[in-house]
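Residues 6 to 329 in this note's numbering are what the sequence shown lists, from first letter to last.
Every residue gets a Cβ at the ideal spot worked out from N, C-alpha and C, and that includes glycine.
Remember, it's a predicted structure, so these values are computed and weren't measured experimentally.
Input: a single structure, listed below in structure tokens.
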Amino acid sequence: MTLPTAATRRFQWFSQGVLLYTLGVILWGAFVRATGSGAGCGDHWPVCNGEVVPRAPSLQTLIEYTHRLTSGLATVLAVALYVWGRREFPKGHPGRRAAFWALVFMLTEGLVGAGIVLLKYVAQDARLGRAVWMGVHLTNTFLLVGAQTLVVWASRGRARMVLRGQGSAGAVLGASILGMLVLGVSGAVAALGDTLFPATSLAHGFEQDLSEAAHVLLRLRVFHPIIAVGMGALLVFGGRWVARVRPSPDVRRASTLLTAVYVAQLGAGVVNLVLLAPVAMQLVHLLLADCVWMCVVRLCAAGLAEDAPRLEPSADPASRVEPV
């Protein structure tokens, strides 16, 4: 790890600020969905109800319009992060590459959001296509947050990641990434079902899930807690195993933090279920999901680092190690 210069420390603070701001925008977007305010600007984009600045806006319009303004600022920050990253790091540096992908996923995030509005997958729309778009939106959001997390990680002078020759450690970490994406998509579908078909009691919620006449979103909702428990086992035990075969301080810290945050996430999920998914708990649950994802990304960055110590032989010792 190289000692940071004053300019690098400033970039570190800026990259952390961009990540925190992006998380805030993501939570506000969830608030838009949970309050049914997605149609606050009608099916117009990028203008709001045909106007650049809405006149005499309703509360729903204010909520949606605020999300668009904050999202626009997030895009500006992503551009600034990329430009600064190009100036701060040499060609091929992992921080520079991560900043590039953070900008790409920020742009695609805006396009997905625009698609949801233009296709009218907002408010009380219960078409199955909306669930598909919500899944795409969640996946892109995870990729965006992951890229920004890697910018912060690389700015601290960590070694670059390598994929080839990582053996079973690479397989476990790859499964963790894919599993988290599946879990995130199932959570997005479950949250949509909670919003569109709110239960009046816990018993009523179970009746909704088990009813033969239940909407497909309710039928899919039941899979989320099952996937969550399975992913919990994979992340906790897989993380501890990776810490044994890649015994660096960074890996151990990442594994420990991942376990703690995932336990908190499961607890929040139970509270969210018992309280019938109030808006505040949905936001807490989403924030913790993003934190779990960042922990997984951090574990991958540490466990797949070029200089990570190994107690496990490479799966392909003859292969040439190539940087990501």
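Secondary structure of A310, DSSP reduced to three states: What you label residue 310 is simply residue 305 of the sequence shown in a count that begins at 1. Strand.
Residue nearest to V279 in terms of C-alpha spacing, selected from P254, A12 and A204: Sequence index remark: in the sequence shown, residue 279 carries index 274 (1-based). That would be A204, whose Cα lies nearest to the Cα of V279.
Measure the C-alpha to C-alpha separation of W106 and L188 and round it to an integer number of angstroms. Here the question's residue 106 lines up with position 101 in the sequence shown. Here the question's residue 188 lines up with position 183 in the sequence shown. In a straight line, the C-alpha of W106 is about 22 Å away from that of L188.
Does DSSP classify V167 as helix, strand or coil? If you number the sequence shown from 1, residue 167 lands on position 162. Reduced to three states, the DSSP call for V167 is strand.
Return the CA-CA distance between A259 and P62, expressed in angstroms with no decimal places. Numbered from 1 along the sequence shown, position 254 holds the residue referred to as residue 259. Numbered from 1 along the sequence shown, position 57 holds the residue referred to as residue 62. Distance between the alpha carbons of A259 and P62 is about 45 Å.
Are there 16 or more other CB atoms within 10 angstroms of the CB of T200, so buried, or fewer, so exposed? Within the sequence shown, numbered from 1, the residue matching residue 200 stands at position 195. Per the 10 Å Cβ criterion, buried.
Nearest neighbour of L116, chosen from R73, A238, Q129 and K96 [CA to CA]: Stepping through the sequence shown from its first residue, residue 116 is reached at position 111. Nearest of R73, A238, Q129 and K96 to L116, Cα basis: R73.
Consult DSSP for E69 and reduce its assignment to one of helix, strand or coil. Looking up residue 69 in the sequence shown gives position 64. In the structure shown, the three-state DSSP call for E69 is helix.
Spatial neighbours of P51 in its chain, beta-carbon cut-off 8 Å, leaving aside the 5 residues before and after: In the sequence shown, the residue the question calls residue 51 occupies position 46. So the list reads R73 and A119, once near-sequence residues are dropped.
Looking at the unbroken alpha helix (DSSP H) that takes in R249, where does it start and where does it end? Sequence index remark: in the sequence shown, residue 249 carries index 244 (1-based). F228 to V250 is the span of the alpha helix (DSSP H), which, as asked, contains R249.
Using DSSP's beta-bridge definition, name the partner residues of C53. Here the question's residue 53 lines up with position 48 in the sequence shown. Under DSSP, C53 forms a beta bridge with E56.
Can you give me the C-alpha to C-alpha distance between G97 and W33, rounded to a whole angstrom? Locating residue 97 in the sequence shown gives position 92, counting from the first residue. Locating residue 33 in the sequence shown gives position 28, counting from the first residue. Taking C-alpha positions only, G97 is separated from W33 by approximately 35 Å.
Looking at the unbroken alpha helix (DSSP H) that takes in S206, where does it start and where does it end? Within the sequence shown, numbered from 1, the residue matching residue 206 stands at position 201. Counting along the chain, no alpha helix (DSSP H) covers S206, and no H or E run does either.
Which same chain residues, not among the five before or five after G192, have their C-beta less than 7 Å away from its C-beta? Residue numbering aside, residue 192 sits at position 187 when the sequence shown is read from its first letter. The residues H229 and A294, in chain order, have a CB closer than 7 Å to that of G192 in the same chain once the five nearest residues on each side in sequence are set aside.
Can you tell which of R102, R251, T261 and L186 has the C-alpha that lies nearest to the C-alpha of G172? Residue mapping note: residue 172 aligns to position 167 of the sequence shown, counting from 1. If we check each option's Cα against that of G172, R251 comes out closest.
Cβ pair T154, V302 closer than 8 Å: In the sequence shown, counting from the first residue as 1, residue 154 sits at position 149. In the sequence shown, counting from the first residue as 1, residue 302 sits at position 297. Yes, they are a contact pair.
How close, in whole Å, do the beta carbons of V256 and V266 come, if the pair is a contact with beta carbons under 8 Å? The residue given as residue 256 occupies position 251 in the sequence shown. The residue given as residue 266 occupies position 261 in the sequence shown. The C-beta distance from V256 to V266 rounds to 16 Å, too long to meet the 8 Å contact threshold.
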